[in-house]
Each structure stands twice: as structure tokens, then as C-alpha cells.
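Worksheet: one structure, shown below.
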Amino acid sequence: MNDQFKNYLKEKIQITDEQFDSISGNLKIKKFDKNEIIQYTGDISKHGFFVCKGLLRAYSIDSKGKEHILQFAPENWLISDRNNMNNEASVFFIDAIEATEVVLMPNDFMEQAAIQVPCLQPMHTRLLNNSIRFMQKRINMLLSATAEERYLDFIKLYPNLTLRVPQWMIASYLGITPESLSRVRKELANKHFKPN
Amino acid sequence: METKQVSAVLKSPAPHMVGDGFRVHNFFPGGYTINMSPFFLLDYGSKIQFSARRIPRGVGIHPHRGFETVTIAYHGAVAHHDSSGNSGVIYPGDVQWMTAAAGILHKEYHEENYSLRGGPFQMVQLWVNLPAKDKMGKPGYQAIKQQAMAFVNLPDNGGKIEIIAGNYKGQNGNAQTFTPIHLYNVRLNKQGKANFSFPANYNTGFMVIEGAVKINQKEIAPVDSFVHFKNQGEQIDVEALEDSIILVLSGEPIDEPVVQYGPFLMNTQEEINQALEDYNQGRFGYIEE
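For the protein sequence lines, the chains are D and P, in the order given.
So for the first sequence, the numbering used here puts the first residue at 57; every next one is plus one.
So for the second sequence, the numbering used here puts the first residue at 446; every next one is plus one.
Structure representation (C-alpha cells):
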């Protein structure tokens, strides 16, 4: 099994190698090519994805053909369409922005693993809390924040994505036009750039 | 004086694209693990034909910090713009020595007229590390035209050596460097001979751009190969088996820790995080797409 996922858990909870082995038996590693679509809308996927290496994104396409990015998932992020948990069809596409290696996490992985290793339960609750907190903040930002505020929040959350994804994807995530994003970056440069 | 022995003659690793304009073989640090400090990276764009295009191919705006990019053109032409206000075109034989230091944004594209015609394209890009004390210095730009380069003619119509940086037999190259570096374009006629002397501890390599050469009367290095030398001995002999061009690199190693992330080359992870923060906050400046 991949060490990245083990290390991720070890940073969050006290788990021994033996305990990890006891829960990781049915976890599989999968590799995706750059630009590969790994989940389509309408799919009912039996697993989510833990990113060991690379970068995934979840997005929808509206009736005019425009993409809206819900989430980026670089290393150590989890990404899934939660509809699948209720055995309902995905409403998001997930694709690989870079060549990516993931752990496929069965939808019931946390529940099952927590039976064997009880300290996974509070961790799972914390993760869910964080995820909801993240979504609440994101909704609030989309409703009320300026383009600059959204961008500043984005670079705090994802400091290296400005080097890894094209501008239009960042704009799509922020719910602004690429032109607005350029303007924000230009204004920041005007404020902060000191030629020496 | 002892002979500097060849450590390996390395073939081009599989190429990858940088943007859509540069198809490069990364000899190091990706392709091979070899001691080449102060040279951190060698991307070799072997000769290929690009079809004509109205919108030039290239690589869009990106930042650099903590080192220098040195671009050496052999075929085709590259246009450059950066956030320090410098721009220029690198034609075959020319060299662009860009010191990113504290930070620069730039973009590199096929030059318009070349793009409209298409044709052969061949170049080298080196990343030259900077010592810690100069990493946050002022960005700089040296455009070194082939006509202005110092050179030495080789005996017996053997060819000539263009000195980009450092010195050769008393002639000094134009480029200003932060640590001791010798960088030459060696243009040999068939059977032309040249010899070099570099301190034993200098990391040294030859990129064979054209033709084929025999090194120290023994090893044969064909076109598109990189010859890596051991850190013992000083003297190197070269003989051209056909008309040849080699790029000679030799430099005093910078004995400091190196942390690379993408386009940043620093000494610590904290400095990398700072570079990301500064880039995101616009402290590298702004240039239009």
C-alpha cells in the first residue's frame, strides 16, 4: 500500500503499521493520465479519491457549455461526489489536470475502518466538519466577497496552484471572468511590486 | 597535469514539451543524476522542424527566482519579454543570460518571422544556480550577440571557440557571472582539434550539438549526447570526427543546500514558500499575456 496515505493518517491520528495494514487491504492505487476524465456526471461511483501525487478537479458544465470548478484536489486532498454515498448519480465530472496517482477509497471505507480502528471515527467527524466549514465559507465568498478577496483566499488555501493550473481555471473556481482575475493580479502587482 | 577522464557519454532522455514551443530532453536534474553544480538544469532542444504558424508557439508568462536562465540558440529564433522591461530576440549563435535573482516574470515565444516561415529549431537552456548571497539580488539581463563574442581560432584550420563566459587561452567571454564558470560554443571542422584545462573540482560536461567528437583519444560522443567528466584531472582533448559543434560547460560547484519547486531554486523550503507567496501577491511584477 502507498505510504502517502499511511503518512496522511499518521499525521492525524495514532495508528500503528499493523492497524493500517488491517484496514488498507482493499484499498487500491490507480494512475490517471493528464486530462483523463475519471468520473462523468451520471456515474454512480463506488469510491472517492485520495490524491497521492498530481492534481484532480471536480466541475460541472452548464447548459451553455461553460465549466464551473467546484474543487481542486492536489496532494493529500480527498475528492468525491457525495451523491454517490446515497447511491445517487454524480452531478460533477472529475478529471486529472496532471498525471495523477490516487488511492481509491470505497464509499464505506471510513465506517468500516472505524470498526477496526476506533480512533478513525472522531477523525472522520473532524474531516466532515472541515469539509462543511470549507463549503460554508465558499458559499459565503461566492455570495458576498469581491474578486480580490476571493483570489486572496484562494492563494492561502492552494498556494502552489497558481503555478499548476491555467488562469481560466482559477477564474472558473472563483466565479469571476478571466479578465477580472487578470485585473486583480495586475492591481496586486501595482500595490506590491517594488522594482529594485 | 592529468587528463580529466570521461565519467559517461549520456544519450538524450525522452523529450517533453515546455509550453507548445520547446521540445526538450532534460539531461539533468531529471534525466540523469550527475554532479553539475553550479549548473542545475540542462534542457536540450534537439533539432526539429516546426511547421509555419501565424500565432507563435512558446511558453506563456511564468516566474523564476534564485538562479539564472541561459538560452543558447543554434537554429530558429526566440523572442523574450520580462517584468524588468527587457525584451529581445535570440538568433542562432546568440546567447541570452537572464538573471532572475529576486524574481522575474517572463515569456518566451518563437520569434514572429521564424514562426511564419517555420523551419529547423535547436536550442539549449541552462539553469545556473546562484549562491545564497545573490539569490535575492537585482534581476539582470545580458544579450550576447554572436558577432560581439570573444573567440579564439584553432590551429590548422581546426575551427573556432566562442567564449560565452569565463575564459579560454587568455580571452575573456562577455557574460558576467556570479561564480566561476566557463561556457563555450566550440565549432570544429572535421579533424579539428581543441584542448581544454579546467580545475579538477569543476563540474564539467560537453553537449554535442552537431557532428561527432572523440574525447581524450578514446570515447566517441555522437550528436545529441552529453559527455560528463570526472572530478579528477584537468586536461581534455577533443577531435572532431566530422564538422561539429559542442557546448562546453565547466564551473566551480556551489556547495550549498538546494530546494527546487517548479520555477524557484532556493536553499530552504521556507524560501520556496516565500517565493510562492511573493509570486501570488504580485511581488514579481506584471506583464501582459
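Don't be surprised by glycine CBs; every beta carbon is placed ideally from N, CA and C.
- When secondary structure is reduced to three states using DSSP, L686(P) falls in the coil class, being assigned neither helix nor strand.
- Assignment of Y477(P) by DSSP, reduced to helix, strand and coil, places it in the coil class.
- Close to chain D, meaning a Cβ-Cβ distance shorter than 8 Å, is no residue of the region 673 to 705 of chain P at all.
- A residue is called buried once 16 or more other Cβ atoms fall within 10 Å of its Cβ, and P130(D) is buried on that count.
- For the alpha helix (DSSP H) assignment, the uninterrupted runs of no fewer than 4 residues enclosed by the region 63 to 111 of chain D are, from N- to C-terminal side, 73 to 79.
- Contact check for I608(P) against Y586(P) fails: the beta carbons are separated by 8 Å or more.
- Going by beta carbons, E513(P) and M543(P) fall inside the 8 Å limit.
- The CB of E722(P) comes closer than 9 Å to the CB of I211 and P215 in chain D, given here in chain order.
- Close partners of Y477(P) in chain D (Cβ separation under 7 Å) are lacking, with about 21 Å as the shortest Cβ gap.
- Secondary structure remark: continuous beta strand (DSSP E) runs of at least 3 residues inside the region 490 to 572 of chain P, in chain order: 503 to 509, 512 to 520, 523 to 527, 532 to 535, 540 to 544 and 549 to 555.
- Assigned with DSSP and collapsed to three states, A203(D) falls in helix.
- The Cβ atoms of A639(P) and L686(P) do not sit closer than 8 Å to each other.
- Interface criterion not met: the Cβ of A114(D) is under 8 Å from no Cβ in chain P.
- Counting along the chain, the unbroken beta strand (DSSP E) around F651(P) starts and ends at N648 to E655.
- Between A547(P) and P584(P), the C-beta gap is smaller than 8 Å, which places the two residues in contact.
- For Q726(P), the nearest CB of chain D lies under 8 Å from its own CB, placing it at the interface with that chain.
- Secondary structure note for Y586(P): its beta strand (DSSP E) is the uninterrupted segment G585 to I589.
- Secondary structure note for I608(P): its beta strand (DSSP E) is the uninterrupted segment G604 to A610.
- Annotation: D723(P) is outside any beta strand (DSSP E); the continuous alpha helix (DSSP H) that includes it extends over Q714 to N725.
- At least one CB of chain D lies nearer than 8 Å to the CB of P708(P).
- Rounded to whole angstroms, the separation of the alpha carbons of T713(P) and P702(P) is 7 Å.
- Under the 8 Å criterion on CB atoms, Y586(P) is classed as non-interfacial with respect to chain D.
- For E235(D), the closest of V159(D), A203(D) and P162(D) by C-alpha to C-alpha distance is A203(D).
- Straight-line measurement puts the Cα of V540(P) at about 8 Å from the Cα of Q591(P).
- Close partners of G511(P) in chain D (Cβ separation under 8 Å) are lacking, with about 14 Å as the shortest Cβ gap.
- Within chain P, the residues whose beta carbon sits less than 7 Å from that of A245(D) are G727, G730 and Y731, listed in sequence order.
- Apart from sequence neighbours up to five positions away, the residues of its chain that approach I125(D) with a beta-carbon distance below 8 Å are R113, A114, Y115, M225, S228 and Y229, ordered along the chain.
- Three or more Cβ pairs closer than 8 Å define a contact, and the region 708 to 724 of chain P falls short of that threshold against the region 487 to 502 of chain P.
- Per DSSP, reduced to three states, the secondary structure at Y214(D) is coil, with no helix or strand assignment.
- Using a Cβ-Cβ cut-off of 8 Å, T218(D) counts as an interface residue toward chain P, since at least one Cβ of chain P sits closer than that to its own.
- Within 10 angstroms of the beta-carbon of M711(P) lie 16 or more other beta-carbons, which makes it buried.
- Taking all protein chains in view, the Cβ of M446(P) is surrounded by fewer than 16 other Cβ atoms within 10 Å, so the residue is classified as exposed.
- With respect to the 8 Å criterion, I691(P) and F643(P) are not classified as neighbours on the basis of their beta carbons.
- Taking C-alpha positions only, A588(P) is separated from F148(D) by approximately 50 Å.
- Of the candidates G511(P), E715(P) and Y519(P), Y519(P) places its Cα closest to the Cα of Q570(P).
- For F165(D), the three-state secondary structure derived from DSSP is helix.
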